[in-house]
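Numbering (our numbering), first residue to last: 2 to 458.
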Ligand code: ADP
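If you want it as structure tokens, here you go:
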């Protein structure tokens with residue numbers, strides 16, 4: 002069986018509860034009404050009997066008229082109370098006798114309202130003795146039905162009661178409409194999710210109405226999340242495309258060299274040249290793969306690159322010494338490193354970061370230029386700066402140099418991998434730090450890495 006949808010179920014549920022509450026209130030009102038009504042019926046009964054008794058007591062003529070049977074029947078009906086008059090021996094004199102056992106019920110001098118059930122109906126009765134000054138004594142009995150029917154109780158109040166089903170129907174329809182409106186964002190979320198699943202189009206967004214409630218906030222959050230997912234997905238796609246492109250170039254060179262070697266190389270020297278070219282491209286591919294693996298490893302596990310207390314001063318000095326040996330373009334490498342700067346870092350990664358910054362500074366530095374490396378402790382941070390006086394970076398390139406495979410100068414013949422700066426940034430982030438750059442084209446660049454002494458655990 003098809004289940005009812007959420008808004009029907011919700012509206013039905015609340016309408017049902019509303020109907021139950023109404024029924025309960027009605028039952029309560031009826032119970033209270035009946036209690037008060039019983040009291041009123043009894044008071045009416047006593048009043049009618051006492052009235053009649055007084056009448057007989059006060060007027061001899063009336064007593065005579067009674068005895069002679071000259072009083073009309075209608076006079077014995079006071080509202081709902083029937084009156085009966087008996088003489089002192091219990092003989093029926095006048096009145097409206099109901100012709101059931103109430104007629105033969107003996108006089109009850111209790112001054113209380115009695116109850117009797119006859120023919121399945123309950124009656125109240127009340128008796129009063131009347132002393133007539135000159136004449137016979139009488140007793141007066143009043144009888145009235147103890148229960149009123151529901152209809153007589155509701156008499157005059159039926160219109161509002163009949164409105165009740167109408168109001169309940171209105172409550173249901175209103176609830177149905179309102180719930181539908183409230184649930185619309187959820188329906189939109191479902192539709193958008195389904196559309197994305199079917200089309201794979203991550204650029205779709207959920208229609209957003211700023212109503213200020215939780216559901217519009219949820220819609221905003223999901224749209225934000227989709228934005229992020231789309232960005233990441235595009236970045237991944239771009240990365241895969243770039244990485245395959247980067248690998249394709251050396252592979253093409255290797256294949257071309259192999260073909261040339263097989264078909265054209267005549268001498269051992271020519272063959273050696275071919276192999277050397279293949280080796281160069283192989284090395285480039287290997288570096289590329291190693292670097293990409295490094296990114297993945299850093300993202301996946303902190304176990305492999307543990308951060309340990311390290312003498313960073315010594316690490317920087319050793320890197321500077323190594324780079325000084327291979328400095329090109331007659332560049333002077335100056336290293337300003339105070340003793341005893343230590344921190345919790347991974348020495349292997351920190352060295353890699355240094356190597357990348359210093360070799361970039363050398364590569365993009367000018368002939369006979371300078372590269373300055375300095376290390377300092379600033380409060381809870383360790384600051385490393387690598388400055389050169391080389392080509393600098395154009396303003397339009399600056400925002401992109403952190404992107405994978407981005408190279409500012411595409412025509413450069415000895416092309417780097419375009420992974421150095423992204424790696425530097427990743428390593429800084431791995432240690433809970435940041436990296437920034439200031440550069441002026443033609444004057445040089447300064448890269449600054451700031452890391453907390455303790456490193457992020
Ligand atoms: P690459 O392997 O090309 O050096 P990087 O990610 O290390 O890749 O650097 C990205 C780009 O940033 C480089 O292609 C270069 O244009 C620019 N760049 C990096 N360091 C410097 C620097 N010290 N001086 C000038 N430009 C630089």
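Ideal Cβ positions, reconstructed from N, Cα and C, are used throughout, including at glycine.
The DSSP-derived three-state label of residue 381 is coil.
Residue 437 is bridged by DSSP to 449. Non-local beta-carbon contacts of residue 123 in its own chain, meaning distances under 8 angstroms to residues more than five positions away in sequence, involve 116, 117, 146, 147, 148 in chain order.
Spatial neighbours of residue 361 in its own chain (CB-CB distance under 7 angstroms, excluding positions within 5 residues in sequence) are listed in chain order as 421. Under DSSP, residue 310 forms a beta bridge with 345. The three-state reading of DSSP puts residue 367 in coil, since its state is none of H, G, I, E or B. Annotated as proximal: residue 278 and residue 254, with beta-carbon spacing under 8 angstroms. Taking the Cα of residue 359 as reference, the smallest distance to any Cα among 434, 175, 387, 82 is reached at 387. Judged by their CB atoms, residue 82 and residue 49 are nearer to each other than the 8 angstroms cut-off.
Under the 10 Å beta carbon count, residue 452 is surrounded by 16 or more other beta carbons and is classified as buried. In this structure residue 235 is not in contact with residue 405, their Cβ atoms being roughly 13 angstroms apart against a cut-off of 8 angstroms.
Under the Cβ criterion (8 angstroms, minimum of three pairs), the segment 21-28 does not count as touching the segment 119-133.
Looking at 11, 137, 264, the one whose alpha-carbon comes closest to that of residue 58 is 137.
With a threshold of 7 angstroms, the Cβ atom of residue 423 counts as near the ligand ADP, since some heavy atom of the ligand is closer than that. In this model, residue 142 and residue 33 are separated by some 29 angstroms (Cα to Cα). The beta carbons of residue 251 and residue 282 sit about 4 angstroms from each other, so the pair counts as a contact at 8 angstroms. Around residue 306, the same chain offers 298, 299, 347, 349, 350, 431 as residues with beta carbons nearer than 8 angstroms, after the five sequence neighbours per side are excluded. Taking 7 angstroms as the cut-off, one finds at least one heavy atom of the ligand ADP near enough to the beta carbon of residue 446. Shortest gap from the CB of residue 367 to any heavy atom of the ligand ADP: 7 angstroms or more. In the three-state scheme derived from DSSP, where H, G and I count as helix and E and B as strand, residue 427 is classed as helix. Scanning 391, 204, 183, 384 for the CA closest to the CA of residue 369 turns up 391.
Residue burial annotation: residue 65 is exposed, with fewer than 16 other C-beta atoms found within 10 angstroms of its C-beta.
Closest option to residue 109, judged by alpha-carbon separation, among 365, 97, 130, 273: 130. Residue state for residue 376 is assigned as strand, using DSSP reduced to three classes. C-alpha of residue 397 to C-alpha of residue 179: approximately 53 angstroms in a straight line. In its chain, beyond the 5 residues on either side, 23 have a beta carbon closer than 8 angstroms to the beta carbon of residue 165. If you ignore the 5 residues before and after residue 79, its C-beta comes within less than 6 angstroms of the C-beta of 49, all in its own chain and listed in chain order. The ligand ADP has no heavy atom closer than 7 angstroms to the beta-carbon of residue 272.
DSSP lists 118 as the bridge partner or partners of residue 123. Inclusion of residue 408 in the 7 angstroms shell around the ligand ADP follows from its C-beta lying nearer than that to a non-hydrogen atom of the ligand. Considering only 284, 272, 371, the residue with the shortest C-alpha distance to residue 321 is 371. In this structure, the alpha-carbon of residue 54 lies about 15 angstroms from that of residue 93. Closest option to residue 187, judged by alpha-carbon separation, among 61, 207, 310: 207. The DSSP-derived three-state label of residue 258 is helix.
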